[in-house]
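Residue 10 in the working numbering is what sits at position 10 of the sequence shown, and the numbering runs on without skipping anything.
All C-beta atoms, glycine included, are put in the ideal place defined by N, C-alpha and C.
Small disclaimer: the values here were computed from a predicted structure and weren't measured.
The structure under discussion appears below in the form of structure tokens.
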Amino acid sequence: MNNLTGTIPPSLSQLFDLYQLSLGQNNIEGTIPYQIGHREMSIDELSLYDNKLIGQIPASFGNLTHLAKLLLYNNVNLTGCVPLGLSRIPLTNCDLSNTNLSCCNNKVSCYTTATEFCWVTPTDRKISIIILVLFLVILAIVISVAAIIRKFRRRKTVYNTIIDESSRQRLSEKQENAFPL
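If you want it as structure tokens, here you go:
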């Protein structure tokens, strides 16, 4: 704890080579500047936990394509929905517990409260697509096998018909030879 006070300056968004911003366990107040994320930033860790932040998570956070760790827990006056844009980034650690944020059906991998966990991540979408493709491949294989079986049965029927004709003809010849008139 550094006992920092005041607000987060919007000018932080101009620090393109900022990789980690750790302002946790302070007395920072106000909203999270929407400017963070409006520009291409390299930030991969944003820790603003245990402060006095208010308002919503800016939708612009969805533009932070390198962000892997987002810690905003213990900011009880953060409210609203977790931005849908967060589902497009590779979050590996996201804790929004002890806030008044909600998933609002946005599928983001973040803890929000003790009873709610926003779950489906981009990886899950890729898995869904893979499952769909596998299903279609298996369906194509089943259809192909069914066609081969039908074709085999037709050939077998034709073959059996030819054999039956041939057998009848031989039997008829044997009978004629066995009982000459």
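DSSP on residue i, reduced to helix/strand/coil?
{"i": "Gln20", "result": "strand"}
{"i": "Asn54", "result": "For the sequence presented, residue 54 should be read as Ile rather than Asn. Correct three-state label for Ile54: strand."}
{"i": "Pro33", "result": "coil"}
{"i": "Asn77", "result": "strand"}
{"i": "Ile89", "result": "coil"}
{"i": "Ile8", "result": "coil"}
{"i": "Asn100", "result": "strand"}
{"i": "Asn63", "result": "helix"}
For the beta strand (DSSP E) that residue i lies in, which residues bound it at each end?
{"i": "Glu40", "result": "Careful: Glu40 lies outside any beta strand (DSSP E) and carries neither H nor E."}
{"i": "Leu48", "result": "Element bounds for Leu48: n/a, residue is neither H nor E."}
{"i": "Leu70", "result": "Lys69 to Leu71"}
Assign residue i to buried or exposed, taking buried as 16 or more other Cβ atoms, counted over all protein chains shown, within 10 Å of its Cβ.
{"i": "Phe135", "result": "exposed"}
{"i": "Leu86", "result": "buried"}
{"i": "Val145", "result": "exposed"}
{"i": "Val142", "result": "exposed"}
{"i": "Asn74", "result": "buried"}
{"i": "Leu132", "result": "exposed"}
Please determine if the stretch 129 to 147 and the stretch 90 to 105 are in contact, where contact requires at least 3 C-beta pairs separated by less than 8 Å.
As far as the Cβ criterion goes, the stretch 129 to 147 does not touch the stretch 90 to 105, which means the pair count is below three.
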